[in-house]
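See below for the structure under consideration.
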Amino acid sequence: MKKEFLIALSVFIIVLSGCTSQTTEQSPQTSSANLDSFAQCLKEKGVKMYGSYICSACLATKKMFGSSFEYVEEIECHPKGPNPQTDLCLKRDIKKTPTWILEKEGTEINRLEGYQTFELLGEFSGCPFDGE
886 MKKEFLIALS
896 VFIIVLSGCT
906 SQTTEQSPQT
916 SSANLDSFAQ
926 CLKEKGVKMY
936 GSYICSACLA
946 TKKMFGSSFE
956 YVEEIECHPK
966 GPNPQTDLCL
976 KRDIKKTPTW
986 ILEKEGTEIN
996 RLEGYQTFEL
1006 LGEFSGCPFD
1016 GE
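Residues are numbered in this note's numbering as their position in the sequence shown, beginning at 1, plus a constant of 885.
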């Protein structure tokens, strides 16, 4: 019983350690039209967010995008999450969530791990971000 508890606790800690927790809120002045355009640009450029439904930084990212997150291509890495794509996460060697990957024709070009601001995602992707 004690051994099973320690194993379960270890697995839980490993899953949580992959989840970064640095967060910031979006500016209240950012319009949803600007965020829609930005999120659509990310998708058009081939940027995908590999996340987990239990990751606090992933949840903060969704909150930051608000309703515009519907345009972000999200890959669920947790096997118990909604629509899990664990095989793809293993193939992409996802160690932390969120991980943002820029892909062209199925080939990884670049990646960012952890919580990212709109400005950093804009630099990473080449998508213009207008914070007003």
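The C-beta atom is built at its ideal place from N, Cα and C for all residues, glycine as well.
At a Cβ-Cβ threshold of 8 Å, E993 and T984 do not count as neighbours.
Under DSSP, Y935 takes part in a beta bridge, and its partners are I960, T984. Counting along the chain, N919 sits inside the alpha helix (DSSP H) bounded by residues 917-930. Sorting G931, E929, E961, V932 by C-alpha distance to the C-alpha of L944 places E961 at the top. Of all alpha-carbon atoms in S922, K980, Q925, the one lying nearest the alpha-carbon of Y935 is that of K980. With a 10 Å radius around the Cβ and a threshold of 16 neighbouring Cβ atoms, S916 comes out exposed. T1002 carries a coil assignment under DSSP once its states are collapsed to helix, strand and coil.
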